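Going by our numbering, the first residue of the sequence shown is number 2, and it counts up by one from there. In what follows, a structure is listed as structure tokens, so that the remarks can point back to it.
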Amino acid sequence: MSSFLQSIGSLATAGMMLLSGALEEAAPQNDIDGLLFLANRQWTLHEAFEPELVITPVRGQVRRLRPDAAAALTEMFEACKKDTGVTLMSVSGYREYAKQARIYQRKLRSVKKNVEKADEYVARPGASEHQLGLAMDVGQVQTGTQLSSSFGKTKGGKWVLEHCWEYGFILRYNKGWEEITGYQYEPWHVRYVGKENARLIHEADIPLETYLLAVRESVLLDIVTPNGTGGEIE
Numbered sequence: 002m003s004s005f006l007q008s009i010g011s012l013a014t015a016g017m018m019l020l021s022g023a024l025e026e027a028a029p030q031n032d033i034d035g036l037l038f039l040a041n042r043q044w045t046l047h048e049a050f051e052p053e054l055v056i057t058p059v060r061g062q063v064r065r066l067r068p069d070a071a072a073a074l075t076e077m078f079e080a081c082k083k084d085t086g087v088t089l090m091s092v093s094g095y096r097e098y099a100k101q102a103r104i105y106q107r108k109l110r111s112v113k114k115n116v117e118k119a120d121e122y123v124a125r126p127g128a129s130e131h132q133l134g135l136a137m138d139v140g141q142v143q144t145g146t147q148l149s150s151s152f153g154k155t156k157g158g159k160w161v162l163e164h165c166w167e168y169g170f171i172l173r174y175n176k177g178w179e180e181i182t183g184y185q186y187e188p189w190h191v192r193y194v195g196k197e198n199a200r201l202i203h204e205a206d207i208p209l210e211t212y213l214l215a216v217r218e219s220v221l222l223d224i225v226t227p228n229g230t231g232g233e234i235e
């Protein structure tokens, strides 16, 4: 093979590598080890998946999270205590697939096997963000571990809604997002996505699903129009 053809082949390989990397950036919901992996009814986790976990040094129960999420949660709880005097607590962090299956079956029995009703409130096994080790159900010591929408009206709940993004968390199931997320309002459920992602999601006031679509469109647009021409074809 001539040196010219070898050069062309090398350039083509490099281009494919760059394109492949860009496409991976356009689909962070597929990166099981990333902060934006999407776990919902459409995107599910294998029953054997278990991330690296640590015990978060905060008050509460079921305190295991991924190390980065655990550190951020600790910082957030300390800030809430300093700002409001309220002691937040962990209620439920990491859950393995089998535990989620038991929780779902219990809910199914409580609603007389009405699958549609059960799905509004409880994720099926494999569809829960808790299995990622990036989600935490939060309560406050003053009101205990009972999870209800009333948490959103408490001093701690209001603080979490306003400030959790500063520590890399988002309120995953906010009011008005039910048709997109598929779940009822849960003011206690926060999901770690990293500070920059959390800031952008908070400022746009959108659910994670919508944010991921915007990320994909932005990256793909950059591939097609690397000079920022806005996608116009002359």
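In this text, a Cβ means the ideal position worked out from N, Cα and C, and glycines have one as well. The model shown is predicted, which means the values in this text are computed figures rather than measured ones.
What are the start and end residues of the alpha helix (DSSP H) that includes residue i?
i, result
"Gly157", "156-164"
"Ser111", "98-111"
"Leu201", "196-205"
"Leu133", "Counting along the chain, Leu133 falls outside any alpha helix (DSSP H), and DSSP gives it neither H nor E."
"Val123", "That residue, Val123, is in no alpha helix (DSSP H); it is neither H nor E in DSSP."
"Leu74", "68-85"
"Glu51", "No alpha helix (DSSP H) holds Glu51; DSSP gives it neither H nor E."
"Thr144", "That residue, Thr144, is in no alpha helix (DSSP H); it is neither H nor E in DSSP."
"Thr182", "179-182"
What does the Cβ neighbour count give for residue i, buried or exposed, with the cut at 16 atoms within 10 Å?
i, result
"Ser219", "exposed"
"Asn41", "buried"
"Gly232", "Its pLDDT being 43, under 50, Gly232 is placed unreliably by the model, and the measurement read from it follows with that caveat. That one is exposed."
"Gln101", "buried"
"Ile56", "exposed"
"Arg103", "exposed"
"Ala124", "buried"
"Asp32", "exposed"
"Ala215", "exposed"
"Gly22", "Per-residue confidence for Gly22 stands at a pLDDT of 47, beneath the threshold of 50, marking its modelled position as unreliable; no derived number is given."
"Gly177", "exposed"
"Asp138", "buried"
"Ser151", "exposed"
"Pro126", "buried"
"Ser111", "exposed"
"Pro208", "buried"
For residue i versus residue j, is the C-beta distance shorter than 8 angstroms?
i, j, result
"Trp44", "Gln30", "yes"
"Leu66", "Tyr98", "no"
"Leu133", "Phe38", "yes"
"Thr236", "Arg64", "The shown model of the chain, from 2 to 235, leaves out residue 236, and the question about it has no answer."
"Glu121", "Gln185", "yes"
Can you give the beta carbon distance from residue i to residue j, rounded, assuming they're within the 8 angstroms contact cut?
i, j, result
"Pro188", "Leu172", "7 angstroms"
"Gly169", "Ala205", "Their Cβ separation, rounded to whole angstroms, is 16 angstroms, which puts Gly169 and Ala205 out of contact at 8 angstroms."
"Met90", "Val142", "5 angstroms"
"Ala80", "His164", "7 angstroms"
"Tyr193", "Thr182", "Actually they are not in contact, since the Cβ atoms of Tyr193 and Thr182 sit about 17 angstroms apart, beyond 8 angstroms."
On a CA-only basis, which of the options is nearest residue i? Give me that one, please.
i, options, result
"Gly158", "Leu109, Thr85, Ala136, Ala99", "Thr85"
"Thr146", "Glu180, Ala49, Ala71, Val92", "Val92"
"Leu54", "Met77, Ala136, Val112", "Ala136"
"His131", "Pro52, Val216, Ser111", "Pro52"
"Trp166", "Gln185, Thr182, His203", "His203"
"Lys71", "Leu209, Ile181, Gly195", "Reading off the sequence, residue 71 comes out as Ala, not Lys. Of the candidates Leu209, Ile181, Gly195, the one whose C-alpha sits nearest the C-alpha of Ala71 is Gly195."
"His190", "Asp34, Leu46, Pro68, Leu74", "Leu74"
"Lys83", "Trp160, Thr155, His47, Ala128", "Trp160"
"Glu179", "Pro58, Glu210, Leu201, Ser129", "Glu210"
At what residues does the beta strand (DSSP E) containing residue i begin and finish?
i, result
"Gly188", "In the sequence as presented, Gly is not what sits at residue 188; that position holds Pro. First-last of the beta strand (DSSP E) with Pro188: 187-193."
"Phe170", "170-174"
"Ser93", "89-93"
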